[in-house]
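S.K.:
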Amino acid sequence: MGVQSDARNQTLPVHAAIAMGSNLGDREQTLRSAVAAIAALPMTAVVATSRLHETAPVGPGVQGMYLNACVRVATCLTPRGLLAALLRIEMAHGRDRSSQQRWGPRTLDLDLLLFGDVVMHDESAAPYLTLPHPRMCERLFVLQPLAEVWPDAVVAGKPIHDQIAALRTV
């Protein structure tokens, strides 16, 4: 299914996967609130939500443990439209991307992982958008919740369960 320009919405719903993480504040409440905000987006329905996974942080310094999850949605928004909505949800939950270090602690992190079978790398506007998410295959804390909501997903040419097995052997 092709993607129309960002100025218009999709005519047919596309399934997309969104990774969620939080390691500041009431992590569980933040993730539940984020799911509700995603469900309230126009032309978007939550199809499935993974269970919560507690994981060690990736990145510099001493940080609290993360709660991670994944949401699968059906949406008529474009990839850029959905990304813009996710960034607004992050901001509404106290995320300030301009002042935070990469991989630092955060109240809410929402990453667009998959958008149907779309493959794209768009640097035409900030923030850049690459689909599928470029680092998802390196992270069990992303792939395991994704497998719960999209068990037949194919990521980087391999079934998601093969990607998970490959990471576990490293």
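One point on numbering: in my numbering, the residue at position 155 of the sequence shown is 1224, and numbering is uninterrupted. Cβ coordinates follow ideal geometry from the N, Cα and C atoms, glycine included. Note that the structure is predicted; figures quoted are calculated from it, not measured.
Around the C-beta of Ala1103, are 16 or more other C-beta atoms found within 10 angstroms, so that it is buried, or is it exposed?
M.R.: buried
S.K.: Which same chain residues, not among the five before or five after Ile1233, have their C-beta less than 8 Å away from its C-beta?
M.R.: Leu1209, Leu1212, Gln1213, Ala1216
S.K.: Contact defined as beta carbons within less than 8 Å: I believe Gly1090 pairs with Asn1137. What is the distance between those atoms, to the nearest angstrom?
M.R.: 5 Å
S.K.: Comparing alpha-carbon positions, which option in Tyr1197, Val1115, Met1160 lies nearest Thr1176?
M.R.: Met1160
S.K.: If you run the structure through DSSP and keep just helix, strand and coil, what is Ala1109?
M.R.: coil
S.K.: Cα separation between Pro1220 and Ile1229?
M.R.: 7 Å
S.K.: Is the segment 1113-1126 close to the segment 1175-1192, with three or more CB pairs under 8 Å?
M.R.: no
S.K.: Rounded to the nearest angstrom, what separates Arg1149 and Pro1196 at their Cα positions?
M.R.: 9 Å
S.K.: Is the CB of Arg1208 under 8 Å away from at least one CB in chain B?
M.R.: Judged by its chain identifiers, the structure shown contains no chain B, having just a single protein chain.
S.K.: With which residues is Met1160 paired in a DSSP beta bridge?
M.R.: Beta-bridge pairing links Met1160 to no other residue.
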